[in-house]
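Undergrad: Before I ask anything, here is the structure I am working with.
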Amino acid sequence: MDMLLAVVWAQDGPVEPAGAQELRGRIAEAVTGPLAALGVDEVVVNVRDEQVAGAMIDVRVTELPVLAVVRTRVPVASATACAELLAALGALGPVSAWSVTASEPLPAPAPGPDGRCAGMANIAFLRRPGRIGREEWLRVWLEEHTRVAIDTQSTTSYTQHVVVRALTPDAPRIDGIVEEVFPAEAATDLGVFFDARGDDERMTANMRAMTASTARFLDDGTVDAVPTGRYVVGVRAAGV
Numbered sequence: 001m002d003m004l005l006a007v008v009w010a011q012d013g014p015v016e017p018a019g020a021q022e023l024r025g026r027i028a029e030a031v032t033g034p035l036a037a038l039g040v041d042e043v044v045v046n047v048r049d050e051q052v053a054g055a056m057i058d059v060r061v062t063e064l065p066v067l068a069v070v071r072t073r074v075p076v077a078s079a080t081a082c083a084e085l086l087a088a089l090g091a092l093g094p095v096s097a098w099s100v101t102a103s104e105p106l107p108a109p110a111p112g113p114d115g116r117c118a119g120m121a122n123i124a125f126l127r128r129p130g131r132i133g134r135e136e137w138l139r140v141w142l143e144e145h146t147r148v149a150i151d152t153q154s155t156t157s158y159t160q161h162v163v164v165r166a167l168t169p170d171a172p173r174i175d176g177i178v179e180e181v182f183p184a185e186a187a188t189d190l191g192v193f194f195d196a197r198g199d200d201e202r203m204t205a206n207m208r209a210m211t212a213s214t215a216r217f218l219d220d221g222t223v224d225a226v227p228t229g230r231y232v233v234g235v236r237a238a239g240v
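Throughout the sequence shown, residue numbering follows the UniProt record's numbering, covering 1 to 240 in sequence.
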């Protein structure tokens, strides 16, 4: 199975967090048929919701803000095989999609009864600077930075996606995508974010270590950081 990751962009600015439930419903309705036809039984949807409103770390580099991130395993992650799915998402807004790998140094938590995973899911879109080759960039990120990120932050889940190729025309150049799930309090408390609740000295040390590590393979202006809620949506087969 391949992994497809799609972003629906917001043409009229980000959806207010209070509208997240309605947005999730629209996404679920749009993708259920195409995903069921592909034999897929669940999809992960990330949207801004009320639990991450006012997050301190919220950075946009891309021209349009993110409306939703949709990820799922599919038999073949290609524009042809997933044409109906991409068309369904395209009815919600402009869509970019990629075929990606999926690694989970820290597996995602199980969702609650409403499908939401506890905490804030921070989605980061990474671009490789021209000063570093692809193989070295991947080595530093995946082999060396991963441990630093886990050790210096309060992540309860850490998922890495290496972009294999773009599936849609005019997709922005993105080389890697990360989802980090934090305790909900991390949205507005840097001490919690950097795994140093109430300990300023530890927070400073962790921030310095994280900054030094990311500087090895990322430059200013190469990362989007989008605070979201992570929802696992079940897909019912046609007629069920």
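Where a beta carbon is used, it is the ideal one built from N, C-alpha and C, also for glycine.
Looking at C-beta atoms only, is the number of pairs between the stretch 120 to 139 and the stretch 208 to 221 that lie closer than 8 Å three or more?
TA: Because the criterion of three Cβ pairs below 8 Å is met, the stretch 120 to 139 and the stretch 208 to 221 touch.
Undergrad: Would the stretch 89 to 96 count as touching the stretch 136 to 151 if we require 3 or more Cβ pairs under 8 Å?
TA: Verdict: no, contact absent.
Undergrad: Report back the beta-carbon spacing between residue 97 and residue 230 to the nearest angstrom; my notes put them in contact at under 8 Å.
TA: Locating residue 97 in the sequence shown gives position 97, where the first residue counts as 1. Locating residue 230 in the sequence shown gives position 230, where the first residue counts as 1. With 8 Å as the limit, residue 97 and residue 230 do not qualify as a contact, their Cβ atoms being about 19 Å apart.
Undergrad: Could you tell me which residues DSSP puts in a beta bridge with residue 3?
TA: Stepping through the sequence shown from its first residue, residue 3 is reached at position 3. According to DSSP, residue 3 bridges with 73, 100.
Undergrad: Mind checking residue 16: buried by the 16 CB within 10 Å criterion, or exposed?
TA: Residue mapping note: residue 16 aligns to position 16 of the sequence shown, counting from 1. Exposed, since its Cβ has fewer than 16 Cβ neighbours within 10 Å.
Undergrad: If we count the other Cβ atoms within 10 Å of its Cβ and call it buried at 16 or more, is residue 75 buried or exposed?
TA: The residue labelled residue 75 in the question sits at position 75 within the sequence shown. Residue 75 should be labelled exposed.
Undergrad: Can you list, in chain order, the residues of its chain with a C-beta nearer than 6 Å to that of residue 58? Leave out the 5 residues immediately preceding and following it.
TA: For the purposes of this step, residue 58 is identified with residue 58 of the sequence shown, where counting begins at 1. Excluding residues within five positions, the ones whose Cβ falls inside 6 Å are 227.
Undergrad: Which ranges does the beta strand (DSSP E) cover as unbroken runs of at least 3 residues, wholly within the stretch 10 to 76, from first to last along the chain?
TA: Fully enclosed beta strand (DSSP E) runs of 3 or longer: 42 to 47, 66 to 74.
Undergrad: How is residue 123 classed by DSSP in three states: helix, strand or coil?
TA: The residue you call residue 123 lines up with position 123 of the sequence shown. Three-state result, residue 123: strand.
Undergrad: Curious, which full-length alpha helix (DSSP H) runs of at least 4 residues does the UniProt domain "EthD" (133 to 201) contain?
TA: With a minimum length of 4 residues, the continuous alpha helix (DSSP H) runs that stay inside the UniProt domain "EthD" (133 to 201) are 134 to 138, 146 to 152, 190 to 193.
Undergrad: Quick check: the Cα distance between residue 200 and residue 47, rounded to an integer number of angstroms?
TA: Position 200 of the sequence shown, counted from the first residue, corresponds to residue 200. Position 47 of the sequence shown, counted from the first residue, corresponds to residue 47. So the two alpha carbons sit approximately 31 Å from each other.
Undergrad: Please determine, among 210, 27, 182, the residue with the shortest C-alpha to C-alpha distance to residue 9.
TA: Numbered from its first residue, the sequence shown carries residue 9 at position 9. Measuring from the Cα of residue 9, the nearest candidate turns out to be 27.
Undergrad: Reducing DSSP to helix, strand and coil, say where residue 80 ends up.
TA: Position 80 of the sequence shown, counted from the start, is the residue given in the question as residue 80. Looking at residue 80 - three-state DSSP - the assignment turns out to be coil, as it is neither helix nor strand.
Undergrad: Please specify which runs of the beta strand (DSSP E), each continuous and at least 3 residues long, are wholly inside the stretch 209 to 237, giving them in chain order.
TA: Those beta strand (DSSP E) runs which fall completely within the stretch 209 to 237 and span 3+ residues are 223 to 234.
Undergrad: Counting pairs of Cβ atoms below 8 Å between the stretch 103 to 121 and the stretch 166 to 184, do you hit three or more?
TA: Judged by Cβ distances under 8 Å, the stretch 103 to 121 makes contact with the stretch 166 to 184, as three or more pairs qualify.
Undergrad: Quick check: the Cα distance between residue 61 and residue 177, rounded to an integer number of angstroms?
TA: Walking along the sequence shown from the start, residue 61 turns up at place 61. Walking along the sequence shown from the start, residue 177 turns up at place 177. Going by the C-alpha atoms only, they are around 14 Å apart.
Undergrad: May I have the straight-line CA-CA distance separating residue 196 from residue 40, to the nearest angstrom?
TA: The residue labelled residue 196 in the question sits at position 196 within the sequence shown. The residue labelled residue 40 in the question sits at position 40 within the sequence shown. Those two C-alpha atoms are separated by around 40 Å.
Undergrad: Would the beta-carbon of residue 30 fall within 9 Å of that of residue 88?
TA: Position 30 of the sequence shown, counted from the first residue, corresponds to residue 30. Position 88 of the sequence shown, counted from the first residue, corresponds to residue 88. A contact, by the Cβ cut-off of 9 Å.
Undergrad: Suppose contacts are defined by Cβ-Cβ distances below 9 Å. Is residue 32 in contact with residue 165 by that definition?
TA: If you number the sequence shown from 1, residue 32 lands on position 32. If you number the sequence shown from 1, residue 165 lands on position 165. Not a contact, by the Cβ cut-off of 9 Å.
Undergrad: Report the rounded CA-to-CA distance for residue 255 versus residue 209, giving the unit in angstroms.
TA: The requested residue 255 is not part of the displayed model; the chain covers only 1 to 240.
Undergrad: Please state whether DSSP places residue 8 in a helix, a strand or coil.
TA: The residue you call residue 8 lines up with position 8 of the sequence shown. The answer is strand: DSSP assigns residue 8 an E or B state.
Undergrad: Look at the Cβ atom of residue 43, then the Cβ atom of residue 70, and state whether they are nearer than 9 Å.
TA: Here the question's residue 43 lines up with position 43 in the sequence shown. Here the question's residue 70 lines up with position 70 in the sequence shown. In contact: residue 43 and residue 70 (Cβ atoms closer than 9 Å).
Undergrad: Is the separation between the beta-carbon of residue 65 and that of residue 19 shorter than 9 Å?
TA: For this step, residue 65 is matched to residue 65 along the sequence shown. For this step, residue 19 is matched to residue 19 along the sequence shown. Result no, Cβ atoms of residue 65 and residue 19 do not sit closer than 9 Å.
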